[in-house]
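Here is the structure we will look at.
There are 2 protein chains.
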Amino acid sequence: MGEQKTEVIAVGTELLLGQIANTNAQWLSEQLAELGLNVYHHTVVGDNLSRVQDVFAMAQKRSDLVFVTGGLGPTDDDMTREAFSAMSGLQLKEDEQTAQKLASFFSLQNKDMPVSNMKMALVFEGAAVLPNAAGMAPGIMVEHAGTTWVFLPGVPREMKSLATNEVFPRLDHAAGSHAVIRSLVLRFTGIGESKLEEELKDLIDSQTNPTIAPLVADDGVLIRLTGKAASAQEADLLIEKTRQEIVSRCGAFLYGTGNDTLASAVLRLLKERGCTVAAAESLTGGMFTEELISVPGASAVCYGGIVSYDKSVKQDVLGVRASTIATYGTVSRECASEMAERVRVLLKTNIGLSFTGVAGPSDTEGKPAGTVFIGISHAEDTEIHECHFHGDRQAVRRQSVLKGFELLLRRLK
Amino acid sequence: MGEQKTEVIAVGTELLLGQIANTNAQWLSEQLAELGLNVYHHTVVGDNLSRVQDVFAMAQKRSDLVFVTGGLGPTDDDMTREAFSAMSGLQLKEDEQTAQKLASFFSLQNKDMPVSNMKMALVFEGAAVLPNAAGMAPGIMVEHAGTTWVFLPGVPREMKSLATNEVFPRLDHAAGSHAVIRSLVLRFTGIGESKLEEELKDLIDSQTNPTIAPLVADDGVLIRLTGKAASAQEADLLIEKTRQEIVSRCGAFLYGTGNDTLASAVLRLLKERGCTVAAAESLTGGMFTEELISVPGASAVCYGGIVSYDKSVKQDVLGVRASTIATYGTVSRECASEMAERVRVLLKTNIGLSFTGVAGPSDTEGKPAGTVFIGISHAEDTEIHECHFHGDRQAVRRQSVLKGFELLLRRLK
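Chains A and B, in that order, give the protein sequences. Residue numbers for the first sequence follow the working numbering, so the first one is 18 and each next one is one higher. Residue numbers for the second sequence follow the working numbering, so the first one is 18 and each next one is one higher.
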């Protein structure tokens with residue numbers, strides 16, 4: 018499997034104009050490396066039939082597995098299908114299921130389908146059609162003269178969902194190799210990357226199977242363990258030993274594994290404890306509630322929330338006392354405390370959370386940008402955390418939400 | 018100059034492992050487009066002599082100008098020089114100035130220079146040596162068999178400084194061109210990419226200056242106009258003419274230009290009209306309010322919102338009548354209507370929005386996943402829109418929010 022030559026081709030003039038970076042190739046390469054596949058080339062080519070065809074012909078010659086992203090849409094600029102058909106000689110035919118999906122999409126919206134749209138239903142003869150849960154154009158997987166070709170849409174969300182759910186499982190199966198690569202991601206919060214690395218330095222330096230790679234993630238720090246063995250069980254055993262050692266040192270900061278997010282970890286704990294939660298959000302504007310509700314199954318623990326951005330909503334809807342705001346301001350321990358209590362009472366939940374602070378760029382009520390108060394209210398008590406975050410408006414709001422999840426997690430544990 | 022075929026090659030295994038994205042190629046492409054140069058390919062190849070050599074040989078055949086980033090450092094992994102020398106037959110010789118710079122760098126630090134470091138002083142015979150103000154390895158520019166080759170370090174800071182200060186001025190000079198490139202992005206909503214292309218097909222097909230390129234964006238469809246002329250004013254004039262023609266055909270769907278988003282366009286219109294807005298969100302869980310509040314200046318038009326995910330919040334906090342829910346269910350015109358009215362009254366705004374529907378994956382209240390009702394309430398009336406979206410849970414929620422912005426925009430216009 019390690020000997021299989023893989024390459025990634027992106028089709029799209031916008032990449033050649035520098036309007037976007039080729040993050041699709043990066044993401045795919047990261048994933049393929051984990052599967053033990055060697056990527057030898059990335060190529061970007063524009064929306065030009067003969068150039069795309071040339072790039073495909075070269076890939077056919079030098080690679081065993083080729084990923085192509087982009088050029089599967091409905092417009093004249095989308096010519097991945099035509100180019101591959103011309104290069105390979107494989108005919109295009111209409112996939113019935115996709116055609117039906119397209120037709121019903123437009124009829125449900127009472128819109129006429131532009132004729133060109135039916136192009137998205139065309140697939141190569143003999144190909145596997147990979148259903149696209151996130152969009153219209155399906156993925157396509159086909160063998161040609163000893164090379165496996167995988168065609169995916171260029172929209173990153175659709176590409177990732179198709180690759181993860183439809184393509185990678187099939188590759189695993191097809192590879193038939195004897196060295197099995199397994200990996201496990203451990204997710205941490207409340208500890209920095211360098212501190213985590215310091216705690217594990219001797220392991221990271223000395224150990225090669227599994228390898229231990231710390232990485233900064235969007236919502237904390239993660240460690241990726243990658244083990245190689247003759248069987249999956251053996252590889253998992255190696256990984257498990259190292260996992261235990263890491264947990265014994267840094268378990269206090271571990272919140273999940275794999276694709277867990279802070280929100281999904283909090284949701285799981287809330288369910289286990291039979292707890293419900295609601296938030297009163299000022300500077301975060303609904304971001305906390307939105308993230309929690311985006312996790313499937315959220316309805317069991319979160320009934321809703323109040324976005325009390327303006328003072329009037331804090332007073333009139335939430336019921337924070339006017340005197341509290343007059344005396345201490347809205348960016349204060351006192352206001353955070355009442356917000357958390359009030360939302361808990363109003364929405365009849367076990368826990369009430371509150372976020373109030375200065376997102377910036379300018380200071381407010383004499384408080385510097387980045388000052389944020391987070392409240393957690395239970396029937397017995399209300400705790401308030403004062404935070405000072407750095408970065409722009411969006412960074413301060415994002416850090417506030419992550420801190421809220423982290424505090425909630427610690428409290429629930 | 019526009020006819021000069023240009024390509025960008027990055028050398029480095031870290032790119033093929035997905036550890037970083039090829040942002041060097043993106044940045045160079047952006048700059049080269051502005052200089053009026055057409056980039057036709059990006060390639061990434063790992064630190065492997067024969068593969069780098071092959072990629073160079075192909076570029077020599079198909080391009081007039083080749084940028085190579087990376088592989089100029091002192092380690093064994095750095096093999097750009099060797100590969101190009103082998104491909105072109107151009108000999109490597111030591112550049113005296115660079116050798117002196119290296120020697121004095123180490124002597125100033127009282128360190129012995131590792132022998133391998135002197136590799137960085139090697140350049141091709143007949144090449145221009147471009148002094149690197151930000152690092153050790155110089156850039157190299159050389160002609161070979163009709164193709165201009167530019168070699169730059171892979172460290173983005175060094176690459177950008179060398180390209181800007183040493184390379185681009187020479188290209189401008191060499192090309193003897195005075196062409197200026199300008200571009201304008203027009204953003205649309207409520208119309209699909211294929212429909213938009215259909216409306217403008219004659220223009221897109223016949224017109225080359227400015228070019229007209231439709232693209233799918235995260236929150237709609239955009240068209241990029243790129244014009245080329247002797248001066249910026251002339252290029253802008255060409256673009257303006259085309260813009261007017263496009264607006265005369267599809268102006269009803271145009272919501273902004275450049276970096277506008279649907280949320281920022283809505284915010285601007287609300288401000289112009291002196292209107293305030295609040296949303297009662299069920300399946301969207303706060304996403305609409307969050308996006309609006311993430312735009313700087315949102316506090317003037319949005320005071321907050323209610324996330325009424327559960328029935329209890331719809332009734333007890335918002336004040337939707339129990340009989341409405343009992344009779345019609347929460348996913349209904351009637352519930353959407355009361356939600357929009359109630360949030361408008363409760364938060365004392367001019368406009369109330371509501372989102373209620375089935376995000377999926379399973380059906381709810383006998384309604385299929387993807388069914389969403391969006392309400393817009395004013396003092397005079399409340400309009401309800403029934404939508405049927407496709408895709409997974411997150412896609413349905415996201416489309417609901419975008420539709421809400423679109424409806425609001427249309428109403429405000």
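All C-beta atoms, glycine included, are put in the ideal place defined by N, C-alpha and C. If you're wondering where the values come from, they're calculated on a predicted model, not measured in any experiment.
{"Item": "Between which two residues does the beta strand (DSSP E) carrying Arg174 (chain A) extend?", "Value": "Note, Arg174 (chain A): premise wrong, no beta strand (DSSP E); alpha helix (DSSP H) at Pro173 to Leu179."}
{"Item": "Starting from Val312 (chain A), follow the beta strand (DSSP E) in both directions and report where the run begins and ends.", "Value": "Note, Val312 (chain A): premise wrong, no beta strand (DSSP E); not H, not E."}
{"Item": "Could you check the C-alpha separation between Val56 (chain B) and Leu66 (chain B) for me, to the nearest Å?", "Value": "25 Å"}
{"Item": "Please identify the residue among A:Leu220, A:Ala154 and A:Arg359 whose C-alpha is closest to the C-alpha of His407 (chain B).", "Value": "A:Ala154"}
{"Item": "In three-state terms, what does DSSP make of Phe205 (chain A)?", "Value": "strand"}
{"Item": "I need the boundaries of the alpha helix (DSSP H) containing Lys420 (chain B), first residue and last residue.", "Value": "Arg410 to Leu429"}
{"Item": "Answer with yes or no whether the minimum CB distance from Pro227 (chain A) to chain B is below 9 Å.", "Value": "no"}
{"Item": "Rounded to a whole number of angstroms, what is the C-alpha to C-alpha distance between Ile323 (chain B) and Glu216 (chain B)?", "Value": "40 Å"}
{"Item": "Report the rounded CA-to-CA distance for Asn367 (chain A) versus Arg350 (chain A), giving the unit in angstroms.", "Value": "21 Å"}
{"Item": "Can you look up Lys365 (chain B) in the DSSP assignment and give me helix, strand or coil?", "Value": "coil"}
{"Item": "What is the DSSP secondary structure of Tyr57 (chain B), reduced to helix, strand or coil?", "Value": "strand"}
{"Item": "Where does Ala192 (chain B) fall in DSSP's three states?", "Value": "Because Ala192 (chain B) sits at a pLDDT of 49, beneath the cut-off of 50, its placement in the model cannot be relied upon, and the following sentence gives the value as read from the coordinates. Of the three classes helix, strand and coil, the one that applies to Ala192 (chain B) here is helix, per DSSP."}
{"Item": "For Leu109 (chain B), write down the residues that DSSP places opposite it in a beta bridge.", "Value": "B:Phe141"}
{"Item": "Hey, Glu262 (chain B) and Val238 (chain B): beta-carbon distance below 9 Å or not?", "Value": "no"}
{"Item": "Under 9 Å between C-beta atoms, does Asp236 (chain A) make it to chain B?", "Value": "no"}
{"Item": "Answer yes or no: do Glu382 (chain B) and Val389 (chain B) have a C-beta to C-beta separation smaller than 9 Å?", "Value": "no"}
{"Item": "How should Leu3 (chain A) be labelled, buried or exposed, when 16 other C-beta atoms within 10 angstroms of its C-beta is the threshold for buried?", "Value": "Since the first and last residues shown for chain A are 18 and 430, residue 3 (chain A) lies out of range."}
{"Item": "Relative to the alpha-carbon of Arg7 (chain A), which residue among A:Ala116, A:Pro378, A:Glu308 and A:Thr164 has its alpha-carbon at the smallest distance?", "Value": "Lying before the first or after the last residue shown, residue 7 (chain A) is absent from chain A, which here runs from 18 to 430."}
{"Item": "For Ser178 (chain A), count neighbouring Cβ atoms within 10 angstroms of its own Cβ and tell me buried if that reaches 16, exposed if not.", "Value": "buried"}
{"Item": "Quick one, which residues of the stretch 278 to 310 of chain A are near chain B if we go by CB-CB under 7 Å, in chain order?", "Value": "Gly302, Gly303, Met304, Thr306, Glu307 and Ile310"}
{"Item": "Taking 9 Å as the cut-off, decide whether the C-beta atoms of Phe17 (chain A) and Phe305 (chain A) are in contact.", "Value": "Any question about residue 17 (chain A) goes unanswered here, given that chain A covers just 18 to 430."}
{"Item": "With a cut-off of 9 Å, does the C-beta of Ile37 (chain B) fall near any C-beta of chain A?", "Value": "yes"}
{"Item": "Whose C-beta lies closer than 8 Å to the C-beta of Pro378 (chain B) among residues of the same chain, with five residues either side of it excluded?", "Value": "Ala386, Asp409 and Arg410"}
{"Item": "For Ser325 (chain B), which residues does DSSP report across the bridge?", "Value": "A:Gly321"}
{"Item": "So the candidates are A:Gln43, A:Gly207, A:Thr92 and A:Arg266; which of them puts its Cα closest to the Cα of Lys218 (chain A)?", "Value": "A:Arg266"}
{"Item": "Do you know how far the Cα of Val418 (chain A) is from the Cα of Thr301 (chain A)?", "Value": "7 Å"}
{"Item": "Could you spell out where the alpha helix (DSSP H) holding Val69 (chain B) opens and where it closes?", "Value": "Leu66 to Arg79"}
{"Item": "Provide the residue(s) that pair with Leu271 (chain B) in DSSP beta bridges, ordered along the chain.", "Value": "B:Phe205"}
{"Item": "Is the beta carbon of Phe168 (chain B) sitting closer than 9 Å to the one on Phe123 (chain B)?", "Value": "no"}
{"Item": "Can you tell which of B:Gly346, B:Val330, B:Ser371 and B:Ile393 has the C-alpha that lies nearest to the C-alpha of Leu363 (chain A)?", "Value": "B:Val330"}
{"Item": "If you pair each beta-carbon of the stretch 33 to 40 of chain B with each one of the stretch 35 to 53 of chain A, do three or more pairs fall below 8 Å?", "Value": "yes"}
{"Item": "Can you name the residues that DSSP bridges to Phe372 (chain A)?", "Value": "A:Glu298 and A:Ile391"}
{"Item": "Hey, is Pro91 (chain A)'s beta-carbon within less than 9 Å of any beta-carbon in chain B?", "Value": "yes"}
{"Item": "Take His190 (chain B) and list the residues in its own chain whose beta-carbon comes closer than 6 Å to its own, dropping the five residues that flank it on each side.", "Value": "Because His190 (chain B) sits at a pLDDT of 49, beneath the cut-off of 50, its placement in the model cannot be relied upon, and the point is left open."}
{"Item": "Is Gly193 (chain A) close to chain B, meaning its C-beta is less than 9 Å from at least one C-beta of that chain?", "Value": "Low per-residue confidence applies at Gly193 (chain A): pLDDT is 49, beneath 50, and the placement is therefore not dependable, though the value from the model is reported in the following sentence. It does not; no Cβ of chain B falls within 9 Å."}
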